[in-house]
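Accompanying notes for the structure given below.
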Amino acid sequence: MDTPTRIILQEDEVPRQWYNIQADMPNLPQPPLHPGTGKPIGPEDLAPVFPMNLIEQEVSQERWIDIPEPVLDKLTLWRPSPLHRAKALEQALGTPARIYYKNEGVSPPGSHKPNTAVAQAYYNKAFGIKRITTETGAGQWGSALAMACCLFGLECKVYMVRISFDQKPFRKLMMGVWGAECVASPSQQTQAGRNVLEEMPDTPGSLGIAISEAIEDAVTSENTRYSLGSVLNHVLMHQSVIGLEAQKQFEKIGDYPDIVIGCAGGGSNFAGTAFPFVRDKIHGKEIQIIATEPTACPTMTRAPFVYDFGDTAMTTPLLAMHSLGHSFVPPPIHAGGLRYHGMAPLICQLLLDGLIEARALHQLECYEAAVQFARTEGFIPAPETSHAIATVIQEANKAKEEGKEKVILFNWSGHGLMDLTGYDAYFSGKLIDYALPEDQLRKSLAAIEGLPKPAVK
Amino acid sequence: MALTDNDERVLRCRRLGHSVTFHYCRTQEGDSVCPRILDCWWEVFEVHAFLQENLPAERLRALAQHAPRPKVLSILDIVEQVRKSQAEAAGGRNAADEPAEPSDT
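Taken in sequence, the protein lines are chains C and H. When you line the first sequence up against the working numbering, it's residues 1151 to 1607, in that order. When you line the second sequence up against the working numbering, it's residues 211 to 315, in that order.
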């Protein structure tokens, strides 16, 4: 099938509504309970941190939510993003598969993150908020929010983890160009920061401390709210423009994906690409949807899905979770069930319901894939994006073996121009893959044999 | 296993978005290790054994029983902490600002 290399939509073809998957999910995640009252968390509980118009979106189960015109005005600075056909990669792989990627690296900060940053900045401004705080690690989210606040005339304060502040100076500078104040966390500017510095003046900081500082700042400052770049329902919804645009682009060329792939860190880039297609799947389309992640620090993969004890003493109730067996790795990998830090509950639920699947990849395979992509398609991917690319290559090779003309879509979630040290480490052989010995894994899993298995569709 | 034997090992931290050393993961908040240290390092080396050797049993137990919570709950926890410390500070300030009870003498 001959298709253009880039499938371009016009400005007026940007989706006018966000898609909220909660309206179509067969099962919704249980709402978290307020630790004080034991009742489900309500809008008022979140009011000190987020503006009410965003909280309404967080709890909304409306299928479609209109995108306000001022948000569309800003999104069209780079949207609609192009859908590329990766012809050179296909050729290099010798695959009959047709590989398409949504290029989210075209946004000013170079990733998908501004899709929600712009929306959040707008809603804060509409609510009368003058200033937004957030935390960041390497700075991808911080720079996206800095730009969004700049576009809407809001002040932005970013608490950047000290180790990242020192190691990754360029995104810090980007934030400065967009007028945001970026400080190393812990800082002297919050009580949480001062407490840490008093005890540990030389600490490299942590994301936990940075979050505490950003929230404290929001809660104790006038006309200020906090902003989060992933995990939350409204964030995932704002990203749905990616998948919705892709659907229009496929319609234009008369094609449709058999496989949709996205990398899942906190889940927003995966969700943004995949959720509109999950909707199609719920309504009968045959489509495979894969969330990818690293084998290091997996949140969705790496072990069979079983009921396991929550602790090594086997005293806690059985929980449904991905597990390596209670006798092997202690409970951090077990104890939260699928509600892991950093993974969106909506994605966990879709995984539980069998509507999506997860795959973990080793870092060397990912870098190899990223380099092959850069050397065929030209663009240098962010390390996270490379997980999706490696999965695409696996599926394209499988299609070749099977002689099938599979159509594969993935989200090229961002460029890697700020992450070249990772490539340097790869080229200089500093990266090593490790694998858990199979006998160790078998021994561990033997310990949980016979325990009840959860109903996974 | 000596405390510093593995400190130079490098892994990409998926939370921060860049490479970190094991030393960072075990010391990021002073002497408190990252709650995800076992998740991230379990297939790189015997991190559990390492921590058993180098952490007090009580702390290892706390780490092992660390239950990740939904993000929203973590946020509310922080809000609660902020409010509590504001209330304490206000209480302390009020006590200090209030004139002392006049003494009988």
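From the three backbone atoms N, C-alpha and C, an ideal C-beta is built for every residue, glycine too.
Inter-residue Cα distance where the pair is residue i and residue j
i                : j                : result
E1194 of chain C : W1328 of chain C : 32 Å
A1396 of chain C : I1171 of chain C : 16 Å
L248 of chain H  : N1419 of chain C : 26 Å
G1652 of chain C : G1244 of chain C : Limits of chain C in this structure are 1151 at one end and 1607 at the other, which puts residue 1652 of chain C out of reach.
I1582 of chain C : A1330 of chain C : 37 Å
N1177 of chain C : D1216 of chain C : 24 Å
L1505 of chain C : V1199 of chain C : 32 Å
P1220 of chain C : T1374 of chain C : 21 Å
K1237 of chain C : I1249 of chain C : 7 Å
V230 of chain H  : C244 of chain H  : 12 Å
G1278 of chain C : L1304 of chain C : 10 Å
K1556 of chain C : D1152 of chain C : 14 Å
H1476 of chain C : W1228 of chain C : Low local confidence applies: a pLDDT of 37 at H1476 of chain C is under 50, so the model's placement there is unreliable, with the coordinate-based value given in what follows. About 48 Å.
A297 of chain H  : Q291 of chain H  : 10 Å
H1491 of chain C : Q1522 of chain C : The predicted model places H1491 of chain C with a pLDDT of 45, which falls under 50 and marks its position as unreliable; any figure quoted below should be read in that light. Each residue's Cα considered, the two are about 32 Å apart.
S1231 of chain C : L261 of chain H  : 47 Å
E1349 of chain C : S1337 of chain C : 13 Å
I1205 of chain C : A1197 of chain C : 8 Å
K1307 of chain C : T1284 of chain C : 7 Å
V1268 of chain C : G1186 of chain C : 33 Å
E1240 of chain C : H1433 of chain C : 30 Å
E1146 of chain C : I1157 of chain C : Any answer about residue 1146 of chain C is impossible in this case: the structure gives chain C only from 1151 up to 1607.
N216 of chain H  : F255 of chain H  : 9 Å
A1575 of chain C : A1532 of chain C : 14 Å
C1300 of chain C : I1282 of chain C : 11 Å
S1257 of chain C : V1164 of chain C : 14 Å
Y1251 of chain C : S1563 of chain C : 9 Å
Residue span of the beta strand (DSSP E) that contains residue i, given as start and end
i                : result
Q238 of chain H  : From DSSP, Q238 of chain H is part of no beta strand (DSSP E); its letter is neither H nor E.
R1429 of chain C : Here R1429 of chain C belongs to no beta strand (DSSP E); instead the alpha helix (DSSP H) covers S1418 to I1432.
N1561 of chain C : V1557 to W1562
M1493 of chain C : Run containing M1493 of chain C: none; DSSP gives neither H nor E here.
P1444 of chain C : Q1438 to P1444
A1334 of chain C : E1331 to S1335
D1223 of chain C : Premise fails: D1223 of chain C lies in the alpha helix (DSSP H), E1219 to L1225, not in any beta strand (DSSP E).
P1234 of chain C : It should be pointed out that residue 1234 of chain C corresponds to His in this sequence rather than to Pro. L1233 to R1235 is the span of the beta strand (DSSP E), which, as asked, contains H1234 of chain C.
V220 of chain H  : V220 to C223
E1254 of chain C : Careful: E1254 of chain C lies outside any beta strand (DSSP E) and carries neither H nor E.
K1548 of chain C : Premise fails: K1548 of chain C lies in the alpha helix (DSSP H), P1533 to E1552, not in any beta strand (DSSP E).
H228 of chain H  : H228 to T231
M1387 of chain C : Run containing M1387 of chain C: none in the beta strand (DSSP E); it sits in the alpha helix (DSSP H), N1383 to H1388.
Y1376 of chain C : T1374 to Y1376
V1410 of chain C : I1409 to C1413
Contact test: residue i Cβ vs the ligand MG heavy atom, cutoff 6 Å
i                : result
L1386 of chain C : The model depicted lacks the ligand MG and carries no ligand whatsoever.
Chain C residues whose Cβ lies nearer than 8 Å to that of residue i
i               : result
R222 of chain H : P1444, A1446, Q1513, P1533 and G1572
Contacts that residue i makes with chain H (C-beta to C-beta distance below 9 Å)
i                : result
T1370 of chain C : V292 and Q296
Q1361 of chain C : One detail in the question is off: residue 1361 of chain C reads as Ile in this sequence, not Gln. Result: S284, I285 and I288.
Q1290 of chain C : G227
V1385 of chain C : The premise fails here: V1385 of chain C is roughly 10 Å from chain H at the closest Cβ pair, so nothing lies under 9 Å.
V1521 of chain C : The contacting residues do not exist; V1521 of chain C stays about 16 Å from chain H at best.
V1308 of chain C : Neighbours of V1308 of chain C on chain H: none; closest Cβ ~14 Å, over 9 Å.
N- and C-terminal bounds of the alpha helix (DSSP H) containing residue i
i                : result
T1094 of chain C : Limits of chain C in this structure are 1151 at one end and 1607 at the other, which puts residue 1094 of chain C out of reach.
N1345 of chain C : Q1341 to E1349
Y1573 of chain C : L1570 to F1577
V1268 of chain C : P1264 to A1276
K1322 of chain C : P1319 to V1327
E1395 of chain C : V1391 to I1403
W1228 of chain C : Taken as a continuous stretch (DSSP letters only), W1228 of chain C belongs to no alpha helix (DSSP H), as it is neither H nor E.
L248 of chain H  : I247 to W251
M1297 of chain C : Q1290 to F1302
Chain H contact residues for residue i, given Cβ-Cβ distances below 8 Å
i                : result
A1575 of chain C : V220 and S229
K1580 of chain C : V220
S1314 of chain C : L226, G227 and H228
I1365 of chain C : I285, I288, V289 and V292
I1191 of chain C : V282, L283 and L286
Whole-Å CB distance - residue i paired with residue j, under 8 Å assumed
i                : j                : result
A1494 of chain C : L1386 of chain C : 6 Å
N1265 of chain C : H1388 of chain C : 5 Å
E1545 of chain C : I1409 of chain C : 6 Å
V1333 of chain C : M1297 of chain C : Their Cβ separation, rounded to whole angstroms, is 18 Å, which puts V1333 of chain C and M1297 of chain C out of contact at 8 Å.
G1255 of chain C : H1565 of chain C : 4 Å
S1371 of chain C : G1355 of chain C : Wrong, their Cβ atoms sit about 21 Å apart, outside the cutoff.
A1520 of chain C : I1539 of chain C : 6 Å
Closer than 7 Å at the beta carbon, the chain H residues around residue i
i                : result
G1415 of chain C : R224
Q1317 of chain C : H228
V1311 of chain C : L226
Under 8 Å by beta carbon: chain D residues contacting residue i
i                : result
V1381 of chain C : Protein chains in the displayed structure are C and H, and chain D is not among them.
Legend entry - Against chain H: residues of the region 1330-1341 of chain C by CB proximity under 8 Å: Q1341
Legend entry - Selection of the region 1193-1222 of chain C by Cβ proximity to chain H, strictly under 8 Å: D1195, L1196, P1198 and V1199
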